[in-house]
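Chemist: Chains as they are written, first to last, in my numbering: chain A, 3 to 113; chain B, 140 to 255.
1) If contact means a Cβ-Cβ distance below 9 Å, which residues of the region 178-192 of chain B contact chain A?
2) Buried or exposed: which applies to residue 168(B), given that a residue is buried once 16 or more other Cβ atoms fall within 10 Å of its Cβ?
3) Could you check whether the region 75-95 of chain A touches the region 20-31 of chain A, counting it as contact only if at least three pairs of C-beta atoms, one from each stretch, sit closer than 8 Å?
4) So which of 253(B), 235(B) and 255(B) has the shortest CA-CA distance to residue 164(B)?
5) Give, in chain order, every residue of the region 210-232 of chain B whose Cβ lies closer than 9 Å to some Cβ of chain A.
6) Does the separation of the CB atoms of residue 13(A) and residue 83(A) fall below 8 Å?
7) According to DSSP, what are the bridge partners of residue 77(A)?
8) Tell me which residue opens and which closes the beta strand (DSSP E) that residue 31(A) is part of.
9) What is the DSSP secondary structure of residue 102(A), counted as helix, strand or coil?
10) When the Cβ atoms of the region 222-235 of chain B are set against those of the region 167-181 of chain B, are three or more pairs found closer than 8 Å?
11) Counting Cβ pairs closer than 8 Å, one from the region 204-213 of chain B and one from the region 85-92 of chain A, do we hit at least three?
12) Work out the CA separation of residue 179(B) and residue 104(A) for me, nearest whole Å.
13) Would a check of beta-carbon distances place residue 113(A) closer than 8 Å to chain B?
14) Give the straight-line distance between the Cα atoms of residue 98(A) and residue 184(B), rounded to the nearest whole angstrom.
15) Since residue 95(A) sits in a beta bridge, which residues does DSSP pair it with?
16) Please determine, among 182(B), 218(B) and 154(B), the residue with the shortest C-alpha to C-alpha distance to residue 161(B).
17) Please report the Cβ distance between residue 44(A) and residue 224(B), rounded to the nearest whole angstrom; I am assuming they are in contact, meaning their Cβ atoms lie under 8 Å.
18) Who are the near neighbours of residue 144(B) in its chain, counting only those whose CB is closer than 8 Å to its CB and skipping five residues on each side?
19) Roughly how far, in whole angstroms, is the beta-carbon of residue 33(A) from the beta-carbon of residue 48(A), given that I think they are within contact range, below 8 Å?
20) Whose Cβ in chain B lies nearer than 7 Å to the Cβ of residue 40(A)?
Encoded structure:
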């Protein structure tokens with residue numbers, strides 16, 4: 003079955019440093035979604051990428067979808083303590099409605 | 140309602156007991172998903188409803204798990220003969236359901252199930 007892998011599993015940064023998490027799928031995805039889950043909270047939708055090579059920005063967050071639609075990345079510039087949480091990528095294989103979630107990358111920001 | 144709601148927020152039960160978890164999706168959302176999340180893991184798909192019917196139940200781990208959505212709105216996840224390994228957070232999500240696979244899912248706060 004489809005596998006979605008995320009690295010790293012954990013990332014400690016000092017406030018102000020940049021952060022990147024990578025997502026790789028074993029199969030081609032119809033789209034990729036990114037979610038953020040705060041400690042004790044539930045996943046909250048951040049963004050969705052659909053097109054091959056697509057890049058989208060939300061303030062300090064930059065999301066990329068690979069040309070082959072099998073990988074994606076999330077980059078945060080100048081992290082803040084409010085960025086703390088676990089970032090998940092999720093993507094349905096082509097034609098499916100069911101997204102497979104990665105294990106997530108937990109971001110810890112030290113003030 | 141403003142968002143997806145789930146009840147109860149926490150459930151403690153004994154091994155072998157039956158439990159029901161409820162999900163109330165966003166009004167007007169025809170698609171509803173159940174996921175299970177264990178500590179340190181991403182949400183694991185269980186079942187997907189489109190309207191009243193289970194469009195995909197391939198994620199249900201075994202026949203102890205069952206879910207219904209009789210009127211196309213509220214859904215109930217039912218677990219029979221609970222086992223300690225069923226302990227997890229059960230998440231429900233809903234989406235519009237009419238725009239294909241490219242849809243935003245809105246998650247509820249989850250039900251934290253602990254089987255003793």
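We treat Cβ as the ideally placed atom computed from N, Cα and C, and that holds for glycine.
Modeler: Working from what's here:
1) 179, 180, 181, 182, 183, 184, 187 and 189
2) The residue you call residue 168(B) lines up with position 29 of the second chain. When all chains shown are included, residue 168(B) counts as buried.
3) yes
4) As a first step, residue 164(B) must be located in the second chain, where it is residue number 25. Here the closest residue by C-alpha is 235(B).
5) 228, 230 and 232
6) Taking the first residue of the first chain as 1, we reach residue 13(A) at position 11. Taking the first residue of the first chain as 1, we reach residue 83(A) at position 81. No, they are not a contact pair.
7) Your numbering for residue 77(A) matches position 75 in the first chain. Note: residue 77(A) sits in a beta bridge opposite 22(A) and 64(A).
8) Position 29 of the first chain, counting from 1, holds the residue named residue 31(A). Counting along the chain, residue 31(A) falls outside any beta strand (DSSP E), and DSSP gives it neither H nor E.
9) Position 100 of the first chain holds residue 102(A). The answer is strand: DSSP assigns residue 102(A) an E or B state.
10) yes
11) no
12) Position 102 of the first chain holds residue 104(A). Position 40 of the second chain holds residue 179(B). If you take the alpha carbons of residue 104(A) and residue 179(B), they lie about 11 Å apart.
13) The residue you call residue 113(A) lines up with position 111 of the first chain. No - not a single Cβ of chain B is within 8 Å of the one on residue 113(A).
14) As a working note, residue 98(A) is residue 96 in the first chain. As a working note, residue 184(B) is residue 45 in the second chain. Computed Cα separation, rounded: 13 Å.
15) Stepping through the first chain from its first residue, residue 95(A) is reached at position 93. Paired residue(s): 31(A).
16) Residue numbering aside, residue 161(B) sits at position 22 when the second chain is read from its first letter. Considering only alpha carbons, the answer is 218(B).
17) Locating residue 44(A) in the first chain gives position 42, where the first residue counts as 1. Locating residue 224(B) in the second chain gives position 85, where the first residue counts as 1. Actually they do not touch by this definition, with Cβ atoms about 22 Å apart.
18) Within the second chain, the letter at position 5 stands for residue 144(B). So the qualifying residues of the chain are 162, 163, 247 and 248.
19) Counted from its first residue, the first chain places residue 33(A) at position 31. Counted from its first residue, the first chain places residue 48(A) at position 46. About 13 Å; that fails the 8 Å criterion.
20) Within the first chain, residue 40(A) is the residue found at index 38, counting from 1. Per Cβ cutoff of 7 Å: no residues; residue 40(A) is ~11 Å from chain B at best.
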